[in-house]
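Following: one structure in structure tokens, then a few remarks.
Numbering (our numbering), first residue to last: 36 to 272.
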């Protein structure tokens, strides 16, 4: 029986900040810990969206493809989907939507998965471009990245809310990715407006972090909390 009250996270958002982009878990292994989630591939290669047990990559050229089980990721968060809350939403901007969720479901100090299925009047995404070693920092790597927009798009937003206390281990606040129903648009969400949709919220008591302790670069990196916080706010908002 799978655990539905746990987020499994491989790596930390903070390890991406200085440029530790080498994949340290396979997609196949990751999917044994959850059927839904988000992440990035080896080399910071695009945005990963995991829905219904299948992992997809939104690429910097705008293409969407299915990820093979042997491909690796430096960072990803997954869970087994079993939302306790499902409700219709309509005519909401991203800011209004996030404010409503925080209030209605008391998420401020809770880890939660957020899924929104429906039609979006407008959605804007970005995709991190693949990096080559020697890797530059996350801020430098994401300074110039392709952005994509869609109007009247059917699709799914999936992601997480984490308490601000955990900024660095992950993204404090909302961290959302998108995949259109026709697999023509995807990526890290920069903004959206909901037309008609259903939101599902799954809260978690447990946050499990799996660290890449066999990766020498990770073991030797002198992480700086202030630098991590600043970089996440610049690169992930």
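Here a beta-carbon is modelled for each residue, glycine too, at the ideal position from N, C-alpha and C.
Is the CB-CB distance between residue i and residue j below 9 Å?
| i | j | result |
| --- | --- | --- |
| residue 241 | residue 215 | no |
| residue 43 | residue 243 | yes |
| residue 124 | residue 248 | no |
| residue 163 | residue 177 | yes |
| residue 198 | residue 234 | no |
| residue 209 | residue 149 | yes |
| residue 219 | residue 120 | no |
| residue 79 | residue 166 | yes |
| residue 206 | residue 48 | yes |
With DSSP run on the structure shown, which of helix, strand or coil describes residue i?
| i | result |
| --- | --- |
| residue 99 | strand |
| residue 294 | The question about residue 294 has no answer, for the chain in this structure spans 36 to 272. |
| residue 43 | strand |
| residue 104 | coil |
| residue 73 | strand |
| residue 267 | helix |
Using only the alpha-carbon positions, how far apart do residue i and residue j sit?
| i | j | result |
| --- | --- | --- |
| residue 65 | residue 71 | 10 Å |
| residue 194 | residue 255 | 30 Å |
| residue 122 | residue 257 | 44 Å |
| residue 157 | residue 126 | 11 Å |
| residue 67 | residue 138 | 33 Å |
| residue 140 | residue 81 | 31 Å |
| residue 191 | residue 217 | 11 Å |
| residue 213 | residue 36 | 28 Å |
| residue 266 | residue 87 | 31 Å |
| residue 85 | residue 63 | 12 Å |
| residue 269 | residue 118 | 31 Å |
Alpha carbons only, please: which of the options is nearest the one belonging to residue i?
| i | options | result |
| --- | --- | --- |
| residue 183 | 97, 90, 199, 176 | 97 |
| residue 251 | 57, 196, 69, 40 | 57 |
| residue 132 | 269, 245, 265, 232 | 232 |
| residue 100 | 108, 91, 106 | 91 |
| residue 227 | 78, 128, 262 | 128 |
| residue 224 | 245, 175, 95, 161 | 161 |
Let's see if you can read the secondary structure: which residues bound the beta strand (DSSP E) around residue i?
| i | result |
| --- | --- |
| residue 127 | 120 to 128 |
| residue 5 | As shown, the chain starts at 36 and ends at 272. That puts residue 5 outside it, with no answer to give. |
| residue 194 | 182 to 197 |
| residue 90 | 89 to 93 |
Tell me which residue opens and which closes the alpha helix (DSSP H) that residue i is part of.
| i | result |
| --- | --- |
| residue 52 | Element bounds for residue 52: n/a, residue is neither H nor E. |
| residue 174 | 173 to 176 |
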